[in-house]
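Here's the structure, in C-alpha cells; my notes come after.
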Amino acid sequence: MRIPVPAQPSVRVAPYRGAPRHRRNPVSALTAAPPAATLAIPPDTARLGGLGAATPSRDEIVGRHWNQVYRLSWRLTGNRQDAEDLTQETFVRVFRSLDSYRPTGRFEGWLHRITTNLFLDGARRRQRIRMEVLAEDSEIADTSLAPEHRFASESLDTDIQAALAALSPKLRAAVVLCDIEGLPYEEIAKTLGVKLGTVQSRIHRGRSELRTALAHRRGEIVRDNG
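Heads up: the sequence shown runs through residues 2 to 227, numbered per my numbering.
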C-alpha cells in the first residue's frame with residue numbers, strides 16, 4: 002500500500018553554532034532536499050503501540066516526522082531515489098518496533114538513530130559487495146568507484162555533493178548530523194553508538210576533508226556566510 006506524504010517545504014540549512022562558520026561548517030551552501038511523492042508502508046503495520054494511550058496513527062506519525070526523516074536521508078545518500086528508499090525503510094522499521102519502544106529520550110532522536118544506522122548498514126553491505134566484485138574482476142576501472150558515480154548530484158551544488166559523497170559513510174554521517182541537522186555531540190554519540198571523543202574526531206576529520214575538497218570555493222563560502 003502506498004500513502005501520500007506531506008509536501009516538502011523549503012529547508013534552510015542551519016549554520017554550525019560556534020566558531021566562524023566558513024571554517025567550521027564547509028557545507029553551509031547546501032540546498033533543500035527535493036520532495037518525494039509517496040511512501041509504501043506494509044499493511045501489517047497498521048496497529049501501532051508503545052506510545053501510551055494516545056497512540057498516534059500511522060498517517061499521523063508520517064505527517065509529523067516525514068520532513069525530518071526524508072531530509073536526513075537525502076543528506077546522507079545524496080539523491081532522491083536512495084533517500085526515498087531509506088525513508089521508507091526507516092518508517093517500516095519504526096512501525097514494526099513501536100510495540101517495544103520505551104521512551105528514553107526524544108522520539109526524534111530515536112528516528113535519527115534508526116535512519117543513520119540503516120544508512121551505515123547499507124553502506125557496509127555495498128562496500129562488501131563492491132570488494133567481492135573487485136576480487137572477482139581485477140580489471141574493473143577505478144573510476145567506477147568514484148564518488149561522482151555513486152550518487153547523482155540532484156538539486157544539490159555539484160562541488161558540495163561530490164565532496165560529501167567522497168567522505169566515508171561514518172564521517173559523512175557525523176558531519177550531516179552535526180552541521181546540517183544541528184545535533185549536539187552527545188546526541189550524535191548516542192545516535193551512532195560511539196564515544197563522544199570518536200564523534201569529535203569524525204567531525205573534525207570530515208570538516209577537514211570537506212575544506213580541502215572545497216578550497217577553490219572558499220571565497221564564495223565566506224561570502225555566503227557573511
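C-beta: ideal position from N, C-alpha, C; glycine also.
Small disclaimer: the values here were computed from a predicted structure and weren't measured.
Notebook entry, point to check: Are the CB atoms of glycine 123 and lysine 191 nearer to each other than 9 Å?
Noted result: The sequence position of residue 123 within the sequence shown is 122, counting from 1. The sequence position of residue 191 within the sequence shown is 190, counting from 1. No, the Cβ-Cβ distance between glycine 123 and lysine 191 is not below 9 Å.
Classify serine 169 as helix, strand or coil using the three-state DSSP reduction. Stepping through the sequence shown from its first residue, residue 169 is reached at position 168. It is coil, neither helix nor strand.
**Q.** Reduced DSSP category for arginine 203 - H, G, I as helix; E, B as strand; rest coil
**A.** In the sequence shown, residue 203 corresponds to position 202, counting from 1. Of the three classes helix, strand and coil, the one that applies to arginine 203 here is helix, per DSSP.
ask   = Does the separation of the CB atoms of threonine 117 and leucine 165 fall below 9 Å?
value = Residue mapping note: residue 117 aligns to position 116 of the sequence shown, counting from 1. Residue mapping note: residue 165 aligns to position 164 of the sequence shown, counting from 1. In this structure, leucine 165 does not lie closer than 9 Å to threonine 117 by Cβ.
### Query
Helix, strand or coil: how does DSSP classify tyrosine 71 here?
Taking the first residue of the sequence shown as 1, we reach residue 71 at position 70. Tyrosine 71 falls in the helix class under three-state DSSP.
Compare the Cα-Cα distances from arginine 114 to each of Arg126, Glu187, Asn80 and report the closest residue. As a working note, residue 114 is residue 113 in the sequence shown. The shortest Cα separation from arginine 114 among Arg126, Glu187, Asn80 belongs to Glu187.
State the CB to CB distance for the pair leucine 193 and valine 200, rounded to an integer number of angstroms; the pair is presumed to be in contact (CB under 8 Å). Locating residue 193 in the sequence shown gives position 192, where the first residue counts as 1. Locating residue 200 in the sequence shown gives position 199, where the first residue counts as 1. With 8 Å as the limit, leucine 193 and valine 200 qualify as a contact, their Cβ atoms being about 7 Å apart.
**Item:** Buried/exposed call for glutamine 82, threshold 16 Cβ in 10 Å
**Value:** In the sequence shown, residue 82 corresponds to position 81, counting from 1. The residue in question, glutamine 82, is exposed, as its Cβ has fewer than 16 Cβ neighbours within 10 Å.
query = Any idea if glutamate 149 is buried or exposed, counting beta-carbon neighbours within 10 angstroms, 16 or more meaning buried?
reply = Translated into positions along the sequence shown, residue 149 becomes position 148. Since pLDDT at glutamate 149 reaches only 36, below the 50 mark, its modelled position is unreliable, and no value is offered.
| field | Same chain, Cβ closer than 7 Å to isoleucine 189, five either side skipped, listed in chain order | value | Mapped onto the sequence shown, residue 189 falls at position 188. So the qualifying residues of the chain are Ala175, Leu178, Cys179, Val200.
* Asked: Residue range of the alpha helix (DSSP H) that tyrosine 186 falls in?
  -> The residue you call residue 186 lines up with position 185 of the sequence shown. From DSSP, the alpha helix (DSSP H) with tyrosine 186 extends over 186-193.
* Apply the 10 Å Cβ neighbour rule to arginine 208 and answer buried if 16 or more other Cβ atoms are within range, or exposed otherwise. => The count along the sequence shown starts at 1 and reaches residue 208 at position 207. With 16 or more other Cβ atoms within 10 Å, it is buried.
**OP:** Just mark histidine 66 as buried or exposed, buried being the case when its beta carbon has 16 or more other beta carbons within 10 Å.
**Re:** Looking up residue 66 in the sequence shown gives position 65. Under this definition histidine 66 is a buried residue.
If I follow the unbroken alpha helix (DSSP H) through glutamate 85, where does it start and stop?
As a position in the sequence shown, residue 85 is number 84, starting the count at 1. 81-98 is the extent of the alpha helix (DSSP H) around glutamate 85.
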